[in-house]
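Take a look at the structure set out below.
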Amino acid sequence: MLELLTATAILGVLLSIAAPYMQSYTVRTKATEGLLILGELRRRVETEFYERGVLPSDIPNSPTPNGSRHGGPWYSYATMFGQADDMWELIEYQPKGPHRVIALRAYRLPEWQNSDISLHLQIKQVDENTLAFRCKVNNSQSRVLFVPSSCQDGSVNDWVCW
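In the numbering used here, the protein residues as written are 22 to 183.
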């Protein structure tokens, strides 16, 4: 009986240590899925740019926006993709001078310490025929734990250090 109690206690300690790491891994996996979502939205903007020669004022082939935020339209995840998501809440399309930012924002939930997990895809118009893209979390340290390493550094308002 003593061995069973000891084994149960050891198992409890191990699970209490492993659970937060597993939860962080699960959230990071969902954030990586966010990169795929941004990739689809990037493709829409890129196609429109190469067809018309200018960056669009909203995300092409999208439904009517839910409203305006940060100078551009925003869409709920359900409006944009036809179904709700347990992590992602909304998509913003922000004009930044001649450039654009697509922000994919998550709900603030205890699973990720109520952090504002947001992936920002910068769309930089390099010249009249070329766009450049990069993913950032806008220098928010609370987001870094949960997002892919390719998005961890830098500010969404930095258009020079490319």
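For every residue, glycine included, the Cβ atom is placed at its ideal position computed from N, Cα and C.
Take Leu166 and list the residues in its own chain whose beta-carbon comes closer than 7 angstroms to its own, dropping the five residues that flank it on each side.
Ser45, listed in sequence order.
By alpha-carbon positions, which one of Arg126, Pro131, Lys145 ends up nearest to Ile138?
Ranking Arg126, Pro131, Lys145 by Cα distance to Ile138 puts Arg126 first.
Anyone know if the C-beta pair for Glu110 and Tyr128 falls short of 7 angstroms?
Yes, they are a contact pair.
Count the other CB atoms within 10 Å of the CB of Ala105; is the residue buried (16 or more) or exposed (fewer)?
Result: exposed.
What are the partner residues of Phe154, as DSSP defines its beta bridges?
Answer is Ile144, bridged to Phe154.
Can you give the beta carbon distance from Val177 to Val168, rounded, assuming they're within the 8 angstroms contact cut?
Rounded, the Cβ-Cβ distance is 13 angstroms, inconsistent with contact.
So Ser8 packs on Gln134, CB below 8 angstroms; how close in whole Å?
Any property of residue 8 remains undetermined from this structure, which presents the chain solely from 22 to 183.
Give the list of continuous alpha helix (DSSP H) stretches no shorter than 4 residues that lie fully inside the stretch 71-157.
Counting whole runs of 4 or more residues, the stretch 71-157 contains the alpha helix (DSSP H) stretches 98-102.
Compare the Cα-Cα distances from Val122 to each of Leu140, Thr151, Leu23, Ser136 and report the closest residue.
Of the candidates Leu140, Thr151, Leu23, Ser136, the one whose C-alpha sits nearest the C-alpha of Val122 is Leu140.
What do you reckon, are the CB atoms on Arg73 and Phe154 nearer than 7 angstroms?
No, Cβ-Cβ distance for Arg73 and Phe154 is not below 7 angstroms.
Tell me the rounded alpha-carbon separation between Met108 and Gly92.
Their backbone Cα atoms lie some 24 angstroms apart in a straight line.
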